[in-house]
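Numbering (the numbering used here), first residue to last: 273 to 485.
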């Protein structure tokens with residue numbers, strides 16, 4: 273029998289006020305702002321012509337609200353999966369990046385080093401985070417061979433999938449921009465993930481044009 277590739281469209285949630293302020297969210301359940309809601313609708317229009325066999329989402333409301341907009345044209349019930357949550361950042365959640373650098377320089381340094389076993393106080397190690405994302409991907413491969421799947425999650429999750437698909441080092445700085453509501457396509461074939469397209473966001477420019485006319 274021939275191989276049946278799986279295509280995954282993985283979308284980061286729309287913008288929140290905390291995104292705009294550069295405040296770390298992690299598991300904090302921050303809603304979309306007006307721009308984020310418009311981004312979700314623009315992405316939904318862009319994907320309306322695609323055929324998806326299943327739609328998954330992180331349960332955090334910024335992802336879930338984005339996913340509900342994207343899934344609606346396809347008639348699928350949304351499948352919420354805890355493994356698609358952002359990395360838990362513990363006591364760093366709710367702080368501005370500039371505040372962490374100024375008040376907690378040692379924590380900032382440790383986070384930037386990306387050591388697999390390091391967890392911010394009360395948070396999740398990078399190794400734990402990676403393991404749960406990989407477990408979700410493995411279940412996806414088993415359940416959806418030959419299908420096309422839509423999922424909405426967070427920048428950290430998207431970063432893990434991108435590194436797996438490109439063979440990137442997990443302790444290296446993030447080398448790709450992961451924009452809100454941009455479309456990222458991956459394919460599973462030959463027993464591994466590959467990048468098909470990253471950061472597709474022309475639909476967001478069109479949405480901005482519509483709102484400023």
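Here a beta-carbon is modelled for each residue, glycine too, at the ideal position from N, C-alpha and C.
None of the values given here were measured: they were computed from a predicted structure.
Check for me: the alpha helix (DSSP H) holding residue i runs from which residue to which?
i	result
residue 427	427-438
residue 326	No alpha helix (DSSP H) contains residue 326, which is instead part of the beta strand (DSSP E) from 326-329.
residue 412	398-415
Could you tell me the alpha carbon to alpha carbon distance between residue i and residue j, rounded to whole angstroms?
i	j	result
residue 299	residue 471	23 Å
residue 484	residue 301	Residue confidence for residue 484 is low, a pLDDT of 42 falling below 50, so the modelled location carries little weight; the figure read from the coordinates is stated next. Those two C-alpha atoms are separated by around 30 Å.
residue 317	residue 342	8 Å
residue 382	residue 450	22 Å
residue 353	residue 410	13 Å
residue 273	residue 379	Below a pLDDT of 50, predicted positions are generally treated as unreliable, and residue 273, at 47, falls in that range; the measurement from the model is reported next regardless. Spanning the two alpha carbons is a distance of roughly 51 Å.
residue 384	residue 444	9 Å
residue 442	residue 322	32 Å
residue 374	residue 417	48 Å
residue 334	residue 286	7 Å
residue 336	residue 468	24 Å
residue 390	residue 396	8 Å
residue 355	residue 407	8 Å
residue 350	residue 328	6 Å
residue 314	residue 428	22 Å
residue 462	residue 376	44 Å
What first and last residue would you give for the beta strand (DSSP E) that runs through residue i?
i	result
residue 454	Run containing residue 454: none; DSSP gives neither H nor E here.
residue 351	350-352
residue 444	Segment: none, residue 444 is in no beta strand (DSSP E) and carries neither H nor E.
residue 468	464-472
Taking residue i as the reference, which of the options has the closest Cα?
i	options	result
residue 305	463, 453, 421	453
residue 303	448, 339, 422, 442	339
residue 288	281, 312, 448	312
residue 296	331, 371, 406	371
residue 290	330, 421, 344, 366	366
For residue i, verify whether its CB is less than 7 Å away from any heavy atom of the ligand HEM.
i	result
residue 374	Although the ligand HEM was asked about, the structure shown includes no ligands whatsoever.
Segment contact, 8 Å Cβ cut-off, at least three pairs: the region 351-371 with the region 399-408: yes
Would you be able to state if there are at least three C-beta pairs under 8 Å between the region 431-438 and the region 456-468? yes
Segments of 4+ residues assigned as alpha helix (DSSP H) that fall wholly inside the region 283-353: The qualifying runs are 289-293, 306-319, 333-343.
Suppose only complete runs of 4+ residues qualify. What are the alpha helix (DSSP H) ranges in the region 354-402, listed by chain order? Qualifying alpha helix (DSSP H) stretches, in chain order: 369-375, 377-385.
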